[in-house]
Each structure stands twice: as structure tokens, then as C-alpha cells.
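The structure under discussion appears below in the form of C-alpha cells.
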Amino acid sequence: MTRQSVKWSIFAVTTLGNFSSMLDFSSVNIALYQISNSFALPVSTVQWVMLSYQIVLTSLLIFFGRLGDLTNRKKLYTAGFFLFGAGAAGAYFAQTFPVLLAARTVQGVGGSILIANSFSIVSLIFKGKQRGKALGFMGAVTHLAGMSAPVVSGFIIEHFEWRSIFLPGVFIASVAVFLSWRFIPASFHRKKTAVDVVGTFLLAASVSLLLYMLAEGASWQIAAALIASAVLFLLHEKRISAPLVNFELFKNKAFLFGCLALMTSYWAMYPNTVLFPFYSQGVLENSAQLTGELILPFSLFYLITAVNTGTLPPYKRMVCGICLMGIALILFAQTTLTTANILLILMQILIGVSNALFQPSANAAILGCAPKQNIGMASGIMSLFRNTGIATGSVFSVMMFEHGKADLLARGTDMKNAFLGAYHFSLYIGATFAVLCLFWLIIAIRAKKGEEC
């Protein structure tokens, strides 16, 4: 095989890793109702089928990113596919709810390995404009996995039982284990250094407590434990010689503020991502199928734009992207009780283009600022910021919406108009976050001019 074909084969394997992780995460959501009936459990309990996966995946991202810097990435990445597939198989055969949660936890470990190392591997084998295009295409495929998962899962659940939604993960992982061992180079091997187990535990505890608090609500005990674990993590990391997180990375302002911009972009985007399906079905009274068709242009134009970003530097694409996102959110905030579907499609196209300009460019710009020896750690940190932005963005969106709706209902507004007003309120808050994201970007761009990235 030629050097170029080997590079793109490696890229295909890493894209498959991201695709399978996102497909599985998004597929389970639509099966919660059936799982609830199967085990005779309330939805508040069954949601942990999703949360157990997300918490484990997110809390271990930096650890596995760092481990990728210190060990043989071929073995680590292949192990990620194996654990992911084993967890999916365990979930398929689970006859009790605790076994299902245990299987999802194993899947989360595998998914964390794959996500933490996919971007770093691509960043090591591609340079310059090729890196941006590769990361853009990877992001587009990952995004399509998330958007297509509900359709695929709905079909599987309708024609088979809910357990069958885990079978695609088993099949993909079985093939990917072979491909990973065949194509991922063993040359990504660094000198052996002790792994920071204590730091890993404290960071995992901090992230887990944060996500648990967001999912279940705050209490002073959980808040105190979160603060304590976070403080202990910072103190521990400053004390040891080989920390899990090299805080020298954050002295690079382009890296730090790039990560902040990435996280804030999800705060801007998620009010519409989370609430648009409810607006379409609850206010416009569209069917679930039509709602999916209205969202589809978002994914299609994300893919088209992400792989055709032109010659603009990453930071300029990010600025264009977040500005377009802010405009799109304001346009969505002008919707009414009778907005035509064609207008919604045009707005979905605009927000899809804005995301495609911003997200892949952010990945390329952030990783481009990281030293080669810390690329895995940087990828893990970036993924942690991204996943935290997704988790908190979802919660913020619902909180803002419920607050706005309750306020309007208390004033005597009817349900549909209260829903619409709360949707608009959340979108304006999202547009405000887009401005904050732009602020972080300006700082990052200025820092980049004075730093070597």
C-alpha cells in the first residue's frame, strides 16, 4: 500500500471508532421506554442506561488520552474496540437491570478509549490543510451517526426487540478489532512513565459528580464532594512529577481559550438542538417523521460544508461559524405558531453550515497548539471540554426553557404560546453564549499570533 492509502486507512479506522461510539450513545435514547417496560422500572431509573455510559466515557477521556501518549496506541485502540464490542454483547444478553448497567459501563470504557485517541491519531498522521480536512470529515461522519441513530434504532425496535439496538455495535467492533490491529501503527509509542492512578480517580470522581449533579439535581453533600475532589485533584497534579494533566498546556492561551470556545459553542447550539423537536411536534403539531425530515438538512449541509471548507485558516472558519450560528439562533427565535416548513429547512441549513465551519476547525486549531509528545493528553482534554459542553448544554437548555415556560404560564399565557415564548427565550440565551464564544475566540486568535502553534 502507498503511504497515502495507509494514512487514509488509519483515518477510516479512527472514524469508525468515533462513529460507533456516537451511534450507540444516540441509539439508546429512543429505547428507554421499551427498556422501562421490560424491567418494570421508572424512566428516572432507566435513564442510567444512558448516564452510566456517558459518565464513564467522559470521566476517563483525559486518562486514556494520556495513556495513548505513554503506551502502544495500536494495542490501546484495539482494546477500545474489544471492550466496546464486549459491552454491547453484554447489554444484548443482559437479563437483569444491574447486568445491563455493568455492560454499559464496560462499553463506556471502550468508547472513552476510542474517542480520546481518535483525534490525536489523525493529528499525528495528517499535517496542515490535510489535517483540517480529515478532522472535518471525521466530525461530519460522527455527527451523521448521532443524527441517523434514532431512525436506525426506531426501525430496529419496531421490527425486533429493544436489545437488538446493541447488535450493530457488536458487529462494528468485531470488524474494527481486526482493522485496528492491521492499520494502526505500533510506532506511536512513547517512553514508559508511571500512570497517574490517583489523579485519574480524582478527576473521574469530579466529572462523575458534576454530571450526576446535573442529572439528579444539586444537594449540598454532592456539591461539597465535587468541590473537595476537584481541589484534591489540582493539589495532587501540582505535586507529582508525571501528572495526568500537564497544566503547562493551559499556559498556551490559544489552547486554553480554544477549549473554552469549543465548550461554549455547545451551550450556544444546544437550545435549538434539544428544543426544536419539541417545537416542531408540540407547537406546529408535525409528526415525528416530518420532524426528522426537517432536521435532516442540518446533517446533510454539515457534511457537505465540513469536507469543503476551502483555504480559510481554522480560526477564521471558527469566527465565521460562530457568527452564523448566532444569526441562525436569532432567526429561529422569530418562529411563530404557523412558520412554514421551508423556512425551517433554510434555518436548519444555516445552522448546519455554521456548525460545520466551527466544530472541525476548532479540533484542528486546538490540537495544532499542543506539543507532539502531549497530543493524546491534549486530545483527551479537548474531548472533556466538548463532552462537558454537550452535557451541561443540554441541562442549561432544559432549565432555561422550563423557567421561561413557568413564568409565562403564571402570567396567564396559553400552553402553546408559553411553549413558543420559552423556546424563543432559550434561543436568545443561546445567541448570547455565541457572543461569549466569539469573545473566547478573539482572545485565542490574539494569543496565537504571539505563540507557536
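Here this note's numbering = 1-based position in the sequence shown + 221.
Yeah, the Cβ is synthetic: ideal placement off N, Cα and C, and Gly gets one too.
Given residue i as reference, the closest of the options once Cα atoms are compared
i	options	result
C590	Y491, T559 and F478	F478
F340	K593, M636 and S615	K593
G651	L641, F358, F553 and N562	F553
Q555	P319, F318, A583 and N638	N638
R403	R294, I276, L641 and P389	R294
L278	Y254, D245, D290 and F260	D245
W383	Y491, Q316 and N473	Q316
L657	R460, G547, F232 and S273	G547
Y313	G286, V270 and K537	V270
D417	V391, S395, L432 and S462	S462
Q268	L288, S247, G286 and F284	S247
Y644	R667, F654, A655 and M620	M620
L565	R287, M243, P498 and R538	P498
R325	G286, L297, I276 and L345	I276
A482	P581, R352 and K296	P581
K296	Y274, P263 and L335	L335
C-beta atoms of residue i and residue j nearer than 9 Å
i	j	result
I543	F519	no
I393	A252	no
L558	L505	yes
N493	T363	no
F522	I570	yes
I231	P406	yes
A735	G360	This structure cannot speak to residue 735, because the chain is shown only from 222 to 674.
F640	G503	yes
A655	L533	no
Rounded C-alpha distance that separates residue i from residue j
i	j	result
I602	S647	28 Å
V234	L400	7 Å
A397	N529	27 Å
S369	L517	9 Å
L237	N258	32 Å
L659	R224	39 Å
H380	F387	14 Å
F318	G420	31 Å
S501	L662	33 Å
F260	V320	12 Å
M636	H624	14 Å
H410	F454	Bear in mind that the predicted position of H410 carries a pLDDT of just 49, short of 50, making it too unreliable to give a figure here.
F422	L515	43 Å
Y274	V249	10 Å
CB-CB length for residue i against residue j, believed under 8 Å
i	j	result
A665	A475	5 Å
S280	A449	Rounded, the Cβ-Cβ distance is 16 Å, inconsistent with contact.
S604	A337	6 Å
N434	A444	Going by the sequence as given, residue 434 is Met instead of Asn. Yes, M434 and A444 are in contact; Cβ-Cβ is about 7 Å, under 8 Å.
L447	L430	4 Å
A585	L288	Contact doesn't hold; Cβ gap of about 23 Å is too wide.
G306	S242	Going by Cβ atoms, the distance from G306 to S242 rounds to 12 Å, so no, they are not a contact pair.
S615	Y491	6 Å
A612	L432	6 Å
I596	S344	6 Å
| Is the segment 486-497 close to the segment 623-631, with three or more CB pairs under 8 Å? | no
| query | With a cut-off of 8 Å, do at least 3 Cβ pairs link the segment 595-609 to the segment 562-577? | reply | no
| Using 8 Å as the Cβ pair cut-off and three pairs as the minimum, do the segment 300-320 and the segment 328-340 touch? | yes
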